[in-house]
Amino acid sequence: MPFEFSVSDLIAASPQDIYDAWLSSSGHEKITGGQKAQISAQEGAAFTVWNGYITGRNLKLEPGRRIVQSWRTTKFTATDPDSQIEVLLQPAAGGTTVTVRHSNVPDGHTSYRDGGWQRSYFEPMKQHFSRTR
31 MPFEFSVSDL IAASPQDIYD AWLSSSGHEK ITGGQKAQIS AQEGAAFTVW
81 NGYITGRNLK LEPGRRIVQS WRTTKFTATD PDSQIEVLLQ PAAGGTTVTV
131 RHSNVPDGHT SYRDGGWQRS YFEPMKQHFS RTR
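Residue numbers (my numbering): 31 to 163.
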């Protein structure tokens with residue numbers, strides 16, 4: 031049975047800087063530690079990130095505030111529906127609170143909840159923005 035979860039972290043960057051990095055190929059590569067990406071800030075556009083491990087589509091974009099995307103990984107079966115992420119960017123003391131709400135995650139795919147977002151996005155994002163300050 032699919033499940034959902036949320037994870038949050040404080041990133042030392044503005045909401046707009048995080049939004050812009052997430053939705054550009056070169057920026058996304060930088061905030062994931064160099065993983066290849068093809069992504070744009072166009073609503074409805076398809077993307078591939080993490081060297082092709084993740085594919086999806088931009089469903090709803092609110093500049094500097096919110097990103098909603100369909101997501102699936104190469105570990106999904108052909109019968110698994112896409113999962114969905116909602117990335118919320120909220121100004122906070124010291125930067126931005128980034129909250130990822132990941133829903134419709136296929137049963138058994140717990141690595142995303144159990145440290146995957148932290149290892150694959152939050153930690154490299156912190157490293158990237160600490161170098162750009």
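We put the CB at the ideal spot given by N, CA and C, even for glycine.
- DSSP places ILE61 in no beta strand (DSSP E) but in the uninterrupted alpha helix (DSSP H) bounded by 55-61.
- The residue among ASN88, ASP137 and LEU40 with its C-alpha nearest the C-alpha of ARG96 is ASN88.
- Secondary structure at ALA51: helix, using DSSP grouped into helix, strand and coil.
- By DSSP's assignment, GLY125 forms a beta bridge with ALA122.
- Of GLY94, LEU118, SER36 and ILE84, the smallest CA-CA separation from ASP50 is found for GLY94.
- CA-to-CA, the gap between GLY63 and GLY146 works out to about 14 Å.
- Taking each of GLY125, SER113 and ASN81 in turn and checking the Cα distance to GLN46, the smallest one comes out for GLY125.
- Closest by C-alpha distance to LEU91, out of ASP39, ILE41, ILE69 and SER56, is ILE69.
- Distances from the alpha-carbon of VAL37 to those of PRO121, ILE115, ALA123 and ASP137 put ILE115 closest.
- Look at GLY86 here: in three-state DSSP terms it is strand.
- DSSP, read as helix, strand or coil, puts THR109 in coil.
- According to DSSP, GLN72 shares a beta bridge with no other residue.
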